[in-house]
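> Can you keep this structure in mind? I'll have questions shortly.
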Amino acid sequence: MIVSYKWLSEYLPIGQPGLPDGIEPEKLSKILTSIGLEVENMKAFSSIEGGLKNIVIGKILTCEKHPDADKLKLTTVDTGSDKPLQIVCGAPNAEAGQYVIVALVGATLYPITGEPFLIKKAKIRGVESQGMICAEDEIGVGNSHAGIIVLQGEFIVGTSASELYNVQEDFIYEIGLTPNRMDAMSHIGVARDVCSWLSHHYKKDITIQLPYKNNFKADNNKTTITVSIENPVACLRYSGVNITNITVSDSPDWLKEKLTSIGVKSINNIVDITNFILHETGQPLHAFDADKIKGNEVIIKNAVAGSLFVTLDDKKHILHEDDLMICNTSEPMCIAGVYGGFESGVTNTTKNIFLESACFQPQSIRKTSLRHGLRTDAATRFEKGTDISQTATVLRRAALLIKEITGGDISGNIIDLYPSPAEKKCIGLKFHYLKKLSGKNYHGETVKNILQSLGFDLVKESSDEIWVNVPFSKPDITIPADLVEEIMRIDGLDNIEIPSSISISPSVNQHAKSSALKENTSSMLVGIGFREIFTNSITNSAYYNEVQLQTAVKMLNSLSAELNIMRPSMLHTGLESVAYNINRKNADIRFFEFGKIYNRLGSGYSQQNQLCLYISGQVTVSSWNNKPANADFYYLKGICEKILISTGIKNISIEITEDGNVEMGINLKYKKKVVGSAGMVNTNVLKKFNIKQPVFFASLLWDEINELAVENKITYTELSKYPSVQRDLALVVNKDLKYEAVEKVIRSANINNLKQVNLFDVFESEKLGIDKKSMAINFTFMDPAKTLTDHETDAMMKKLAESFEKHLNAEIRK
Numbered sequence: 076m077i078v079s080y081k082w083l084s085e086y087l088p089i090g091q092p093g094l095p096d097g098i099e100p101e102k103l104s105k106i107l108t109s110i111g112l113e114v115e116n117m118k119a120f121s122s123i124e125g126g127l128k129n130i131v132i133g134k135i136l137t138c139e140k141h142p143d144a145d146k147l148k149l150t151t152v153d154t155g156s157d158k159p160l161q162i163v164c165g166a167p168n169a170e171a172g173q174y175v176i177v178a179l180v181g182a183t184l185y186p187i188t189g190e191p192f193l194i195k196k197a198k199i200r201g202v203e204s205q206g207m208i209c210a211e212d213e214i215g216v217g218n219s220h221a222g223i224i225v226l227q228g229e230f231i232v233g234t235s236a237s238e239l240y241n242v243q244e245d246f247i248y249e250i251g252l253t254p255n256r257m258d259a260m261s262h263i264g265v266a267r268d269v270c271s272w273l274s275h276h277y278k279k280d281i282t283i284q285l286p287y288k289n290n291f292k293a294d295n296n297k298t299t300i301t302v303s304i305e306n307p308v309a310c311l312r313y314s315g316v317n318i319t320n321i322t323v324s325d326s327p328d329w330l331k332e333k334l335t336s337i338g339v340k341s342i343n344n345i346v347d348i349t350n351f352i353l354h355e356t357g358q359p360l361h362a363f364d365a366d367k368i369k370g371n372e373v374i375i376k377n378a379v380a381g382s383l384f385v386t387l388d389d390k391k392h393i394l395h396e397d398d399l400m401i402c403n404t405s406e407p408m409c410i411a412g413v414y415g416g417f418e419s420g421v422t423n424t425t426k427n428i429f430l431e432s433a434c435f436q437p438q439s440i441r442k443t444s445l446r447h448g449l450r451t452d453a454a455t456r457f458e459k460g461t462d463i464s465q466t467a468t469v470l471r472r473a474a475l476l477i478k479e480i481t482g483g484d485i486s487g488n489i490i491d492l493y494p495s496p497a498e499k500k501c502i503g504l505k506f507h508y509l510k511k512l513s514g515k516n517y518h519g520e521t522v523k524n525i526l527q528s529l530g531f532d533l534v535k536e537s538s539d540e541i542w543v544n545v546p547f548s549k550p551d552i553t554i555p556a557d558l559v560e561e562i563m564r565i566d567g568l569d570n571i572e573i574p575s576s577i578s579i580s581p582s583v584n585q586h587a588k589s590s591a592l593k594e595n596t597s598s599m600l601v602g603i604g605f606r607e608i609f610t611n612s613i614t615n616s617a618y619y620n621e622v623q624l625q626t627a628v629k630m631l632n633s634l635s636a637e638l639n640i641m642r643p644s645m646l647h648t649g650l651e652s653v654a655y656n657i658n659r660k661n662a663d664i665r666f667f668e669f670g671k672i673y674n675r676l677g678s679g680y681s682q683q684n685q686l687c688l689y690i691s692g693q694v695t696v697s698s699w700n701n702k703p704a705n706a707d708f709y710y711l712k713g714i715c716e717k718i719l720i721s722t723g724i725k726n727i728s729i730e731i732t733e734d735g736n737v738e739m740g741i742n743l744k745y746k747k748k749v750v751g752s753a754g755m756v757n758t759n760v761l762k763k764f765n766i767k768q769p770v771f772f773a774s775l776l777w778d779e780i781n782e783l784a785v786e787n788k789i790t791y792t793e794l795s796k797y798p799s800v801q802r803d804l805a806l807v808v809n810k811d812l813k814y815e816a817v818e819k820v821i822r823s824a825n826i827n828n829l830k831q832v833n834l835f836d837v838f839e840s841e842k843l844g845i846d847k848k849s850m851a852i853n854f855t856f857m858d859p860a861k862t863l864t865d866h867e868t869d870a871m872m873k874k875l876a877e878s879f880e881k882h883l884n885a886e887i888r889k
């Protein structure tokens, strides 16, 4: 949420006896953070960007043609300094005797279009220029670039341009508001909290300075508009007033400046007033063109399912039967609490308006807002709950402003329909419970004063407890713990003493082994150059094909059209991160991610933990003694095997598989159980992310790996005292034979002293025969109890050779 320091200060009792004359922006920032309204950013604001610093009024004393340029002029300008400045100017309207706007050396200009630029001393066609005479667009005060600004009348040279253009300075706070704090979604709401803090810490009864006046009255009784509520469950209260004879035009400067300071664009005086009231009080308003209310009747009721409605932004929406609408006798005029209609909106020709102030059921507004993808300021506030007690009060404030600014007449008294008046919640707080939760002993009088300063009504009190009624502005306060939070944040969390010793009971971690396995795997991957990423579990259904979407978990209330399902695969969310990095010149990628995928399973849902790898670009960097190596399928496969072996899972078998998302796809299996898959991402998938380099992807089933890791405990043995023996063997086999078949034959030979096997060469040639290839394999033998003899080694090699000839029909190359 955005809050203006100057705007907020208007509601604070600055200057009261016992209080400082003002609260500095930095101090106010600390106060806001201490009361739970965390200031994430504080920045200076100027009504004209840059504040026109180092820009002054000057007078052109002389203006002559530049000696070396036909379209340039050489001027001397009095800016109030010791001597006139020599400035080269290209404007056709520059003449001696004019009062102009001059940017001095060192000034930074913020033009209407383009980037800011610094004014420096410069030589233009051989002549020194000591500043710049400015046009409107160059200093951000207008759009004209036809010539320099020529001021009419007499001025004092050297006067700051900020005085001439009445530049307003301010500080803007960006507050990280938690979802429950709807009471602070306005300047008055924030000011109320600040006053409570001041009251507690300055020991004075300090109240907010409200802008409301008690002089509201109707100018006439000419209104003929009536209001009825057909759905009192969704519309809890509805207030309205008719204002006639208005003039829709630009807003006054003070109103524009307030809205501009918080990033709201000025539209016209009617719209600006409703926006001003929204950010002042937190209560959304909506203005209808009263002459477009057919039948002079406003009806609050549900929409007809399937009917078409055009909103103010000229977009069409198909209505749902649960959408609450503001209607006239013929048609809907507004999606209640969300968005106004195109036909009934205020235009420059509007003369009469009907102004609405209402309180709607939060759940109804949220569902409608998400259903149509209309996330407005009004909907954001209504879905959190607005202050039902303030609808009519705020409406009076707005009506008086409209009358003052637009010259209109208030035609008739406030129409206020309140079908079922709400009752305040009553909550009791025992002081021993307050001590238990907060860790601090609060005096009963302190508790009462804090709660009353926040708007709570005292019901009863005793020596050990207090009962209060909760104000309607705080719908999140429902239990005693909420009262404890209110007391602690106003007193200050830093004021809670930390005891010198704390007694705790140690907890038993039921998932210690799986957590350690995950931590060890992460450390290993980081150690070999990988980086961990964390992507969103909610993703875009457009990434997936129809088969995947059949079992996908769809969001009922999606945040947006791009975030509407729970991911059935982690590939696409990871590719978003890959594309983001490649687009920023980080093309060498080795990412890993622990996450979940989600699918429908019968009438329920399933989720599965996975460890995914994303590899692209170079895996070794180029140096004077090392050539760069690009990622490939075998690098990915090796990393997968390394992970599995580190968890105690050995003797992995490989199964070739087909997958629409990857090429060269394989399944990694342990005892016929799939524990993961890997492959090169299909180019058609990469095109969706505009990735033009190969990406290799692996998905390891972490739940299965966790279970197997418990069964396969990692063991170690002492290093052998005896040397190993290595022998090579070359096999001529069919060209389509997979190395996996060779490994199976080796394992089936059951040679205990065979410790390691390595395929070190594959050779193909017509000399070997048609469709033949040679596979050169290195074998390492070792006996932990003695040194192997040549006879023993030869016997083992002979057994292997016979197995290859028998099972693979291989020819042993001599």
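The opening position of the sequence shown corresponds to residue 76 in the numbering used here, with each subsequent residue numbered one higher.
Ideal placement from N, C-alpha and C gives every residue a C-beta, glycine not left out.
As the structure is a prediction and not an experimental result, all values here were calculated from the model.
(1) Using a threshold of 8 Å, state whether the C-beta atoms of Ile852 and Asn827 are closer than that.
(2) Among residues of its own chain, excluding the 5 on either side of Ile440, which ones have a beta-carbon nearer than 6 Å to its beta-carbon?
(3) Could you round the C-beta distance between Val131 and Leu147 to whole angstroms and report it? I think they count as a contact, below 8 Å.
(4) Could you please give the first and the last residue of the uninterrupted alpha helix (DSSP H) stretch that includes Ser513?
(5) Cβ of Phe772 within 8 Å of Cβ of Tyr689?
(6) Buried or exposed: where does Lys333 fall if 16 or more other Cβ atoms within 10 Å of its Cβ makes it buried?
(7) Please specify which runs of the alpha helix (DSSP H), each continuous and at least 4 residues long, are wholly inside the region 436-484, giving them in chain order.
(8) With a threshold of 16 other CB atoms inside 10 Å of the CB of Cys409, please say whether the residue is buried or exposed.
(9) Asp836 lies in the alpha helix (DSSP H); which residues open and close that run?
(10) Does the beta-carbon distance from Leu776 to Gln683 come in below 8 Å?
(11) Compute the Euclidean distance between the alpha carbons of Ala556 and Ile110, then round it to the nearest angstrom.
(12) Thinking C-alpha only, which one of Thr610, Ala617, Tyr680, Ser616 is nearest Ser652?
(13) In whole angstroms, give me the CA-to-CA distance for Ser326 and Asn350.
(14) Can Ala210 be considered in contact with the ligand ATP, in the sense that its beta carbon sits closer than 7 Å to one or more heavy atoms?
(15) Note down, in chain order, each residue of its chain lying with its Cβ closer than 7 Å to the Cβ of Asn295, except the 5 sequence neighbours on either side.
(16) If you run the structure through DSSP and keep just helix, strand and coil, what is Gly264?
(17) Pick out whichever of Val316, Ala876, Glu396, His647 has its Cα sitting closest to the Cα of Ala467.
(18) Within 10 angstroms of the Cβ of His392, are there 16 or more other Cβ atoms? Answer buried if so, exposed if not.
(19) Along the chain, which unbroken stretches of the beta strand (DSSP E) at least 3 residues long are found entirely within the region 330-375?
(20) Which two residues bound the contiguous beta strand (DSSP E) that contains Ala119?
(21) Please report the straight-line C-alpha distance between Thr319 and Ile348, rounded to a whole angstrom.
(22) Measure how close the beta-carbons of Gln545 and Lys499 come, nearest whole angstrom, since I'm counting them as under 8 Å.
(23) Given this structure, state the Cα-to-Cα distance separating Thr553 from Ile502, to the nearest angstrom.
(24) By Cβ distance below 8 Å, which residues in the same chain neighbour Tyr680 in space, the five residues on each side in sequence not counted?
(25) The alpha helix (DSSP H) with Tyr710 in it runs from where to where?
(26) Report the rounded CA-to-CA distance for Leu311 versus Asp245, giving the unit in angstroms.
(27) Look at the alpha carbon of Phe571 and the alpha carbon of Met257, and state the distance between them as a whole number of angstroms.
(28) Let me make sure I understand the geometry here. Which of Tyr709, Gln693, Tyr710, Phe708 has the alpha-carbon closest to that of Lys702?
(29) Please tell me whether Gly754 and Asn620 are closer than 8 Å, where the distance is taken between their beta carbons.
(30) Between the Cα of Leu285 and the Cα atoms of Leu430, Arg472, Glu668, Val543, which residue gives the shortest distance?
(31) In chain order, what residues of the same chain lie with their CB nearer than 8 Å to the CB of Lys523, ignoring the 5 residues before and after it?
(32) Have a look at Ala587 and Asn595 and give me their C-alpha separation to the nearest angstrom.
(33) Using 8 Å as the threshold, is the C-beta distance between Ser261 and Glu355 below it?
(34) Do you know how far the Cα of Lys725 is from the Cα of Gly751?
(35) Assess contact between the region 178-188 and the region 109-125, defined as three or more Cβ pairs (one per stretch) separated by less than 8 Å. Is contact present?
(36) Given that a residue counts as buried once 16 or more other Cβ atoms are within 10 Å of its Cβ, and exposed if not, what is His275?
Let's see:
(1) Remark: C-beta atoms of Ile852 and Asn827 do not approach each other more closely than 8 Å.
(2) Gly412, Ala454, Phe457, Glu458
(3) The Cβ separation is near 22 Å, so there is no contact.
(4) 506-513
(5) yes
(6) buried
(7) 437-447, 452-457, 466-481
(8) buried
(9) Note, Asp836: premise wrong, no alpha helix (DSSP H); beta strand (DSSP E) at 829-838.
(10) yes
(11) 16 Å
(12) Thr610
(13) 12 Å
(14) The model on display carries no ligand, and the ligand ATP is accordingly not part of it.
(15) Asp484, Ser486
(16) helix
(17) Of the listed residues, the one whose Cα sits closest to Ala467 is Val316.
(18) Counting of Cβ neighbours within 10 angstroms places His392 among the buried residues, the total reaching 16 or more.
(19) 360-364
(20) 114-121
(21) 16 Å
(22) A quick correction: the sequence has Val, not Gln, at residue 545. Contact holds; Cβ gap of about 6 Å.
(23) 7 Å
(24) Result list for Tyr680: Val628, Tyr673, Asn674, in chain order.
(25) 708-721
(26) 38 Å
(27) Here the sequence assigns Ile to residue 571, which means Phe is not the residue at that position. If I take the Cα positions, the gap works out to 26 Å.
(28) Gln693
(29) Contact flag unset, no.
(30) Proximity to Leu285 across Leu430, Arg472, Glu668, Val543 peaks at Arg472, based on C-alpha coordinates.
(31) Leu533, Glu536, Ile541
(32) 12 Å
(33) yes
(34) 14 Å
(35) yes
(36) buried
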